Structure formats: C-alpha cells, structure tokens
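Everything below concerns the one structure shown next.
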Amino acid sequence: AQSVSQHNHHVILSEAASLELGCNYSYGGTVNLFWYVQYPGQHLQLLLKYFSGDPLVKGIKGFEAEFIKSKFSFNLRKPSVQWSDTAEYFCAVNGVGNDMRFGAGTRLTVKP
Amino acid sequence: SQTIHQWPATLVQPVGSPLSLECTVEGTSNPNLYWYRQAAGRGLQLLFYSVGIGQISSEVPQNLSASRPQDRQFILSSKKLLLSDSGFYLCAWSVAGLRYGNTIYFGEGSWLTVV
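Protein chains in written order, with my numbering: chain A, 2 to 113; chain B, 1231 to 1345.
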C-alpha cells in the first residue's frame, strides 16, 4: 500500500524566511499528489495538487510544490513566509484507487 | 454548491458503550466518502472509504465499522468503545474518480472522548 512521509514534525521560522517542507511517498504507479493546510481552529483545505502536466504546481497564498518522479518527492515551498502561514501542513497521495493517504503532518510556526 | 456535515461535533462516551457518528453530503451524487482519524503527530489515518452504497473498504482492522445506507450518508460505528478510540474523526468526500485529480473535501470533524 502507498505511504507518505513528511520529514519535519515542527518547523519554526521567522517572517520573510523561505520555506521548504519535505514529502516523499512510496508507490510505484501513477499518483496524484496534494498538499492540504489546517489553520488553527479551521478545517483542512487544499493548498495545491498535482495530477499531470507541469511538475511545478502553483497553489494559493504563494505556495508551490515540485513533483520529482525519480525521487518520489513532492516538496512544498514558499519564498517568504508570513505570520499567517502558521498552520499544520499535510502531504497526501492517491494512487489508482479511490483512497487517499496522508502524511503525519508538519506544524509550521512563523514568528513575527 | 456541495456541503458536508458531520455530527455530533463532540462526544463523551464511557468505555464499552456504542458509537455512531454520522456524515451527510449535499449537492452532489455518488460521491466517494471517507472516514479519517486525526491524531497529533500521526497525521490523518484513513479508516474507511466507500465508492457506492453498501461498498465499504476498511483500511485498519479495529473495533470500528462503517456503513453507507444511502448514497450521501456515511456512518461510523462501534459496538463497544475502547479508550484508544478517543480522537478527532473526520468525514470527507470527493467526486467519484478521485484518481483523476479530484479534490477531497473535509467535514467539521467530531471530537470523541472515551472515558
């Protein structure tokens, strides 16, 4: 079965710092990849997704992610974080089935 | 527009008691439906998913079960709760054909505390 690994459990950055959150998956076939975000007290919401085409995907709020098939990775990036980016970020993968599996999540704290 | 609702939002149940969490989706037909459990540091654990009425796939063997009696209704149940069942449970849905890049949408979640 496919699985998702997120390397960092908790990341602390200052405002304007650059962000990269790692995500690796284990699945040999075609995959769809997602990043979800959960702001404090709010629902999970989609940041961005990849299912075909350009491996560099742009999402909301200035986030982007790059799908590197050879590395089984889908890292999330943002050039300059803001205090409002403080949240928990989840990487998810979906293979040929209708299930979707999430990583353990990375908590991002941005200090003003 | 589509909406998803789950209830109750919070629940405190004694060990050994039954459980029923209910989830309904409005504004779409034949959705894929999911139950996840979210635990700190462990992300979202997929418990069950369903691609149609009466079709349930179980991911984790445990004392929970799921049922889909109607197209847009998904129920998470237990006959006898354990302390380890405490957690935050999320219902979710997606357009059928998730593998084609469709997004999954989450409900508000239900906090279950087993005492």
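Here a beta-carbon is modelled for each residue, glycine too, at the ideal position from N, C-alpha and C.
All values derive from a computational prediction rather than experimental measurement.
For residue i, three-class secondary structure by DSSP
i                       : result
residue 72 of chain A   : helix
residue 119 of chain A  : Outside the shown range of chain A (2 to 113) lies residue 119 of chain A, about which nothing can therefore be said.
residue 1311 of chain B : coil
residue 1316 of chain B : coil
residue 27 of chain A   : strand
residue 1 of chain A    : Only positions 2 to 113 of chain A appear in the structure, and residue 1 of chain A is not among them; the question remains open.
residue 64 of chain A   : coil
residue 1239 of chain B : coil
residue 1297 of chain B : strand
residue 52 of chain A   : coil
residue 90 of chain A   : strand
residue 1257 of chain B : coil
residue 42 of chain A   : coil
residue 1252 of chain B : strand
residue 9 of chain A    : coil
Interface flag, residue i vs chain B, CB-CB below 8 Å
i                     : result
residue 47 of chain A : yes
residue 8 of chain A  : no
Cβ pair residue i, residue j closer than 8 Å
i                       : j                       : result
residue 1263 of chain B : residue 1247 of chain B : no
residue 1301 of chain B : residue 1259 of chain B : yes
residue 77 of chain A   : residue 12 of chain A   : no
residue 100 of chain A  : residue 1274 of chain B : no
residue 1304 of chain B : residue 1341 of chain B : no
residue 96 of chain A   : residue 7 of chain A    : no
residue 1 of chain A    : residue 21 of chain A   : It is not possible to answer for residue 1 of chain A, since the shown part of chain A is limited to 2 through 113.
residue 50 of chain A   : residue 63 of chain A   : no
residue 38 of chain A   : residue 93 of chain A   : no
residue 1268 of chain B : residue 1344 of chain B : no
residue 1245 of chain B : residue 1311 of chain B : yes
residue 75 of chain A   : residue 34 of chain A   : yes
residue 60 of chain A   : residue 84 of chain A   : no
residue 1335 of chain B : residue 1322 of chain B : yes
residue 44 of chain A   : residue 1338 of chain B : yes
residue 1318 of chain B : residue 1296 of chain B : no
8 Å Cβ cutoff, residue i in contact with chain A
i                       : result
residue 1305 of chain B : no
residue 1338 of chain B : yes
Residues that residue i contacts on chain B, provided the C-beta gap is smaller than 8 Å
i                     : result
residue 91 of chain A : 1273 and 1274
Neighbouring residues, chain A, relative to residue i (Cβ below 9 Å)
i                       : result
residue 1334 of chain B : 35, 37, 45, 47, 93, 95 and 101
Amino acids of chain D, ordered along the chain, whose beta-carbon sits closer than 7 Å to that of residue i
i                       : result
residue 1252 of chain B : Protein chains A and B are contained in the structure displayed, whereas chain D is not.
Next item on the list: Give, in chain order, every residue of the stretch 1279 to 1299 of chain B whose Cβ lies closer than 9 Å to some Cβ of chain A.
Entry: 1279, 1280, 1281, 1287 and 1289
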